[in-house]
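Read through the structure below, which is laid out as structure tokens, and then see the notes.
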Amino acid sequence: MELIVTEKENAARRIAEILSDGAATGETRAGVPVYRWGDTRCVGLAGHVVGLDFPAEYSNWRDAEPVELVHADVVTTPTKGDIVAVLQDLAADADRVVIATDYDREGELIGKEALDLIRDVNQSATAERVRFSSITEGAVQEAFAEPETLDEDLAAAGEARQVVDLVWGAALTRFLSLSARQMGEDFISVGRVQSPTLKLVVDREREIEAFDPEDYWELFADLGADGEVFEAQYVYEADDGTEADRVWDGASAEGVHADLADAGTATVADVTSYTRTDAPPAPFDTTSFISAAGSLGFSANRAMSIAEDLYTAGHVSYPRTDNTVYPEGLDLADLLDEFSATREFGDDADSLAGGDLDPTAGDEETTDHPPIHPTADVPDRGALSEDEWTVYELVVRHFLATLADPAEWEHLRVVATAAGHDLKANGKRLLEPGYHAVYPYGSTAENYVPAVSEGDDLALEDVRLEAKQTQPPRRYGQSRLIEQMADLGLGTKSTRHNTIEKLYDRGYVEDDPPRPTRLARAVVEAAEEYADLVVDEEMTRQLEADMTAIAEGESDFEAVTQSSREALERVFEELTESREELGEFLTESLKADKTLGPCPESGHDLLLRRSRQGSYFVGCDGYPDCEYTLPLPSDGEPQLLDERCEDHDLRHVKMLAGRSTFVHGCPLCAAEAADEAADRVIGACPTCGETHGGELAIKTLRTGSRLVGCTRYPDCDYSLPLPRRGDIEVTDERCEEHDLPELVVRDGEDDDDPWDLGCPICNYREFQARRDLEDIDGIGPATAEKLSEAGIENPADLAQADAESVAETVEGVSDESVREWQEAA
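Start counting the sequence shown at 1; every next residue gets the next number (my numbering).
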């Protein structure tokens, strides 16, 4: 029996379909999909199915000193027991094993891990490795026709990274967390790549805060020629001989303004016309792809997740690549032919076909993977989600752009003089769109300046003096941060977007572009003060180089991991000398990050706290002498804002809860408002009304939440949620089914278009059904809205609908997608 092992389940399904010519059937073993045809079985992993950890004696943070982890053994344990069990069960009967994991360092390691598990139960089966850069019929067939062997050096490089990251991350995380007495979910996370990256974000924020703006002035005027008016700007020769347009002295600027305002006319002194070509972009590598996707609103992590799904489905090539040069074996003409047959790209592809194709090329050429490009497997638009199609179209159009001609621009520079001062106008117009015709993501804005000649007199009107200030540097956007990481050698093309995601998950950055939290600044400042190697990019860059040396056979696993442990040992020598001081520094910094303001009863600070049950609340720092507390909403994780309450001098609280994130505001204001609000009875409780006389009432809780709940609480806990914001109005209309009044929510007294909430029981039932519909894989809020317009409000409606009719009614949805949703429903 032949056993094929892929990195993910959807890759297994796709490869099985290709190799079996559509004859493969699927079965489930212990919840794990397995595909079979003839004497072949194909199973997909879930990435790494084993993980590295320390032996059990190191598991309790308090029983083992963090420094002990520096030279502790590392053991491998299964993390996906069900997949491991099925893999080994299949492997026991295999004569031949084919590793078909992703073709990169991580994929090689995942393949080796799978092969090691197989060898535990079967020593005799032959093992081969296949590599491909796209999961298309041609690429997969070709790879399986010419199998290779597993690259032990490449896998060892991946394993070295895992060991180094585990040892550094675990040892330093435990040390800082224990020193600051931050345990449980509030531990202080440190990482070999994560911490230097965090320092980049913090350093940029320091630059912004330290920036001292300077005042300057710019002058503009309208020039007129034969009834055509265009804008010109005042320019002058600076002390260094260059042309300048910013005036740094206010009095001088006002003097120029007065001169120009009195001039009335300007005389053309110089006219310069020239053409310029605008080169098409180089092929996509991972970093430039993330940057382009970022301009469309995708986070780095989301862009890569979609690209990986498109790759697994066979629509694009492997998205983790440093290559910016198309390989000679890539048939560009054949790809163009495929897109010529499509409605979305046909005209653009046809415009490029017919001649010799001369693609652009970047500076980096590697032999593992080509640049990111679409494959010949072109999907139907309806088979992809809206986000998937947006990313796919970006990849396709970028590919077309690399085959297109440069754009050609005509530039016209006009300099006119008035009262001894120069005014300059720059015009440009697009002569030949070139690649812009197929790639609509770049700017093609024109600036019209009419044709004039030297010596022409122009009308000079509307002279404007604009006072401005220099601006601080911008925060790094996610794509720009990834570019910085690449320039500094932090992480790899496969890991950089995950590193940024970790910074968000750990509470170190917020917003987009990423802004460091107080916790981030405290951790970076502590590292800089007591162990700067932790945030030093040079150390991380050297380790990346060492792991590349392993992959290329110039070093080995033992040498690199041992060298890394020795470097960490030196870090601990610095940290241990100042452990108490470091702990106090972190404790005070973290306390400041959790401080809302003064306690109204004791004068101590009110802090964000967490109960043993995991719920958040506000408590006094003077506890146990002061037991003052305030509740917080149960949904989400609290984040303190800079805005303060004018009445209580407390910082406002924002509750982070995904798409349901909201600003809670001042918790004391919320509690006082609830204390003052009277319950409004609206009808009988459906649970205990008949038996115990319970009534439903609109209630406001001290957490700021509102609900319809039974007046017999806690004896009866029947309740329904209500919106947190808006004025709730009880109408005279009543629900026939539940005999409750219909509710309306107004956004202030002047709201002419209120939300008709209706009967609270009916509303919640519809809300829950809609949520169930949105939660079906592949639907989401946007598609659920389209389904609702087609009369499908819940999973039951969807399950009973005709798939073809739904696909015809809902734009961008295929029959196959609807049937998959119906199966899930």
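Beta carbons are placed, not taken as given, at the ideal position from N, Cα and C, and that holds for glycine. Remember, it's a predicted structure, so these values are computed and weren't measured experimentally.
Under DSSP, the beta strand (DSSP E) around residue i begins and ends at which residues?
{"i": "residue 880", "result": "Residue 880 is absent from the structure shown; the chain starts at 1 and stops at 825."}
{"i": "residue 426", "result": "421-432"}
{"i": "residue 758", "result": "755-758"}
{"i": "residue 617", "result": "616-620"}
{"i": "residue 68", "result": "From DSSP, residue 68 is part of no beta strand (DSSP E); its letter is neither H nor E."}
{"i": "residue 639", "result": "637-644"}
{"i": "residue 411", "result": "407-418"}
{"i": "residue 719", "result": "719-722"}
{"i": "residue 598", "result": "595-598"}
{"i": "residue 61", "result": "Per DSSP, residue 61 belongs to no beta strand (DSSP E) and is neither H nor E."}
Within the same chain, show all residues whose beta-carbon is closer than 6 Å to that of residue i, passing over the 5 residues directly before and after it, in chain order.
{"i": "residue 806", "result": "818"}
{"i": "residue 622", "result": "602 and 604"}
{"i": "residue 398", "result": "284"}
{"i": "residue 718", "result": "685, 687 and 710"}
{"i": "residue 346", "result": "340"}
{"i": "residue 677", "result": "700"}
{"i": "residue 656", "result": "636, 637 and 639"}
{"i": "residue 279", "result": "406"}
Take residue i as the anchor and find which of the options has the nearest alpha-carbon.
{"i": "residue 69", "options": "100, 4 and 175", "result": "175"}
{"i": "residue 531", "options": "569, 438 and 334", "result": "569"}
{"i": "residue 126", "options": "151, 99 and 331", "result": "99"}
{"i": "residue 421", "options": "260, 512, 565 and 203", "result": "260"}
{"i": "residue 527", "options": "113, 179, 426 and 675", "result": "179"}
{"i": "residue 592", "options": "624, 655, 629 and 640", "result": "640"}
{"i": "residue 726", "options": "146, 748 and 782", "result": "748"}
{"i": "residue 412", "options": "450, 403, 382 and 383", "result": "450"}
{"i": "residue 763", "options": "735, 690, 785 and 774", "result": "735"}
{"i": "residue 336", "options": "774, 350, 208 and 343", "result": "350"}
{"i": "residue 43", "options": "23, 13 and 552", "result": "13"}
{"i": "residue 228", "options": "452, 590 and 575", "result": "452"}
{"i": "residue 518", "options": "494, 154 and 595", "result": "595"}
Got a sec? Which residues, its chain only, sit under 8 Å from residue i by beta carbon, not counting five neighbours each side?
{"i": "residue 723", "result": "706, 745, 755 and 757"}
{"i": "residue 171", "result": "66, 67, 69, 70, 568 and 572"}
{"i": "residue 75", "result": "52, 53, 54 and 55"}
{"i": "residue 419", "result": "259, 260, 262 and 263"}
{"i": "residue 896", "result": "In this structure the chain extends from 1 to 825, so residue 896 is not present and cannot be described."}
Please return the same chain residues whose Cβ sits closer than 7 Å to the Cβ of residue i, not counting the five positions on each side in sequence.
{"i": "residue 499", "result": "193, 194, 197 and 491"}
{"i": "residue 177", "result": "183, 187 and 188"}
{"i": "residue 375", "result": "134, 136, 314, 315, 316 and 317"}
{"i": "residue 27", "result": "34 and 36"}
{"i": "residue 714", "result": "none"}
Which stretch, first to last residue, makes up the alpha helix (DSSP H) that contains residue i?
{"i": "residue 560", "result": "557-577"}
{"i": "residue 539", "result": "537-551"}
{"i": "residue 169", "result": "152-179"}
{"i": "residue 667", "result": "667-676"}
{"i": "residue 291", "result": "286-294"}
{"i": "residue 746", "result": "Run containing residue 746: none in the alpha helix (DSSP H); it sits in the beta strand (DSSP E), 741-746."}
{"i": "residue 115", "result": "105-119"}
{"i": "residue 469", "result": "It is not in any alpha helix (DSSP H) - residue 469 instead sits in the beta strand (DSSP E) that spans 457-469."}
{"i": "residue 661", "result": "That residue, residue 661, is in no alpha helix (DSSP H); it is neither H nor E in DSSP."}
{"i": "residue 56", "result": "Run containing residue 56: none; DSSP gives neither H nor E here."}
{"i": "residue 518", "result": "518-530"}
For residue i, would you say it is in contact with chain B, using Cβ-to-Cβ distances shorter than 9 Å as the test?
{"i": "residue 300", "result": "Considering every chain present, this structure includes no chain B. It has just one protein chain."}
Just list the beta strand (DSSP E) runs in the stretch 210-265, keeping only unbroken ones of 3 residues or longer that don't cross its boundaries, in chain order. 215-225 and 228-237
Taking three-plus beta-carbon pairs below 8 Å as touching, is the stretch 102-111 in contact with the stretch 70-89? no
Is it the case that the stretch 350-360 contacts the stretch 299-308, given that we only count it when at least three CB pairs across the two stretches are under 8 Å? no
Flag this pair as touching only if the stretch 402-413 and the stretch 431-444 have three or more C-beta atom pairs under 8 Å; answer yes or no. yes
The stretch 32-39 / the stretch 49-57 touching (three or more Cβ pairs under 8 Å): no
Count the CB pairs spanning the stretch 249-266 and the stretch 286-296 that are closer than 8 Å, and state whether there are at least three. no
Which runs of the alpha helix (DSSP H) spanning at least 4 residues fall entirely within the stretch 122-156, listed in chain order? 137-145
Any chance the stretch 459-468 sits against the stretch 207-218, with 3 or more Cβ pairs inside 8 Å? yes
Determine contact between the stretch 539-550 and the stretch 126-142, defined as no fewer than three beta-carbon pairs at a distance below 8 Å. no
My parser needs the alpha helix (DSSP H) runs of 4 or more residues fully inside the stretch 310-373; what are they? 332-340 and 346-352
Stretch-stretch touch, CB-based, cutoff 8 Å, three pairs: the stretch 550-562 with the stretch 605-619: no
Evaluate the contact criterion for the stretch 374-394 versus the stretch 222-236: three or more CB pairs, one atom per stretch, below 8 Å. no
Using 8 Å as the threshold, is the stretch 447-460 in touch with the stretch 264-272, meaning 3 or more CB pairs across them? yes
At a cut of 8 Å, does the stretch 329-336 reach the stretch 370-378 through at least three beta carbon pairs? yes
Would you check if there are 3 or more beta carbon pairs closer than 8 Å linking the stretch 305-317 to the stretch 7-14? yes
Ignoring anything shorter than 4 residues or poking outside the stretch 792-818, list the alpha helix (DSSP H) runs there in chain order. 795-800 and 803-809
Those runs of the alpha helix (DSSP H) which lie wholly inside the stretch 473-501 and span at least 4 residues: 478-488
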